[in-house]
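**Student:** Under the working numbering, the first residue of the sequence shown is numbered 4, with each subsequent residue one higher.
Yeah, the Cβ is synthetic: ideal placement off N, Cα and C, and Gly gets one too.
Encoded as structure tokens, here's the structure I'll be asking about.
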Amino acid sequence: MDASDWVGVNRGMALDFDITDDLINCGPGVLTFINGGSVFSVSAWVLRRSTGGDGFGRLFEFGNTNSNVILNSLSNNVNLNATGGAVTVSVNSTVATNVMTHYALSVSVGVSANVYVNSTNVTASANLSSGTINIAASDLILGNRLNAQRSLDGRIADFRVYNRALSPSEIKQLYEGGPGYGLRLERKRTRFQVQGFNAGRYRRQQLIGAGVY
């Protein structure tokens with residue numbers, strides 16, 4: 004991926020992933036602010052053109068260990084899975100292709116796990132065991148998995164990770180605000196924005212700034 008993969012969407016920018024081997028690997032340690040990996044949320048705007056690589060195109064993945072957190076792009080649907088049995092969520096939703104769609108996850112292991120599409124809770128059932136997910140030690144990968152065999156066929160904008168469980172009203176606010184720009188890792192009231200890339204086959208985004216919102 005290179006600078007030409009940035010495309011305009013509404014008021015912001017998105018990364019355009021093809022169906023071959025595109026991915027963003029933000030590297031290990033970028034998620035250490037998620038204490039223990041038992042409570043976290045994810046928000047992103049995604050356009051899907053198809054189901055992606057091998058019919059399981061990744062919207063995102065935390066790492067490539069036995070503690071992965073995966074959001075797959077399935078046929079007219081999405082699926083959340085945290086391997087190791089910590090969280091598995093079945094989703095009851097038909098998601099249109101070629102349309103920017105807001106996805107959000109709000110997870111508290113052993114308590115609740117919900118998937119939202121355009122601010123609507125589409126969780127059909129959730130398997131919630133106790134324990135934690137080893138997120139902090141994992142790579143954060145967007146639009147694929149580490150071996151590049153599950154590429155997203157589409158676009159990702161305004162990707163955010165939180166170290167708390169977002170409420171339905173907070174998720175609705177994110178949806179109503181529309182897609183923004185870049186990638187954000189949000190811890191309490193400090194916002195970290197990740198932009199830019201290094202030269203190479205895959206873009207690796209770098210932490211370049213912090214602010215308070």
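1) By the three-class DSSP mapping on this structure, what secondary structure does residue 3 have?
2) Could you check what DSSP says for residue 19 in three-state terms: helix, strand or coil?
3) Note down the Cα distance separating residue 109 from residue 120, rounded to an integer number of angstroms.
4) Measuring CA to CA, which of 8, 10 and 46 is closest to residue 180?
5) For the alpha helix (DSSP H) holding residue 159, just list the boundary residues, first then last.
6) Per the contact definition of three or more C-beta pairs closer than 8 Å, is the segment 152 to 160 in contact with the segment 30 to 44?
7) Does any residue of chain D bring its CB to less than 7 Å from the CB of residue 98?
8) Going by CA-CA distance only, name the one from 101, 18, 115 and 142 that's closest to residue 42.
9) List the residues that DSSP assigns as beta-bridge partners of residue 142.
10) For the ligand SAM, is there a heavy atom less than 6 Å away from the beta-carbon of residue 108?
11) Can you tell which of 58, 142 and 21 has the C-alpha that lies nearest to the C-alpha of residue 31?
12) Do you know whose CA, among 168, 64, 163 and 63, lies nearest residue 111's CA?
13) Given this structure, state the Cα-to-Cα distance separating residue 105 from residue 113, to the nearest angstrom.
14) Who are residue 178's beta bridge partners in DSSP?
15) Specify, as a first and last residue, the run of the beta strand (DSSP E) that residue 111 falls within.
16) Return the residue from the list 28, 57, 20 and 33 that minimises the CA-CA distance to residue 49.
17) If you compare alpha carbons, which of 63, 161 and 145 is closest to residue 103?
18) If you run the structure through DSSP and keep just helix, strand and coil, what is residue 115?
19) Would you report the Cα separation of residue 210 and residue 34, rounded to the nearest angstrom?
20) Closer than 7 Å by C-beta to residue 221: which residues in its own chain qualify, once you throw out the five before and the five after it? Chain order, please.
**Tutor:** In short:
1) Any answer about residue 3 is impossible in this case: the structure gives the chain only from 4 up to 216.
2) strand
3) 12 Å
4) 46
5) Looking at the DSSP string, residue 159 is not in any alpha helix (DSSP H); the run it does join, the beta strand (DSSP E), is 157 to 165.
6) no
7) Among the protein chains of the structure shown there is no chain D, as only one such chain exists.
8) 115
9) 31
10) Inclusion of the ligand SAM in the displayed structure is not the case, the ligand content being empty and no account of it being possible.
11) 142
12) 168
13) 25 Å
14) Residue 178 is not bridged to any residue.
15) 104 to 111
16) 20
17) 161
18) strand
19) Confidence is the limiting factor: at residue 210 the pLDDT is only 33, short of 50, which leaves the residue's position unreliable, though a coordinate-based value still follows. Rounded to whole angstroms, residue 210 to residue 34 spans 12 Å at the Cα level.
20) Only positions 4 to 216 of the chain appear in the structure, and residue 221 is not among them; the question remains open.
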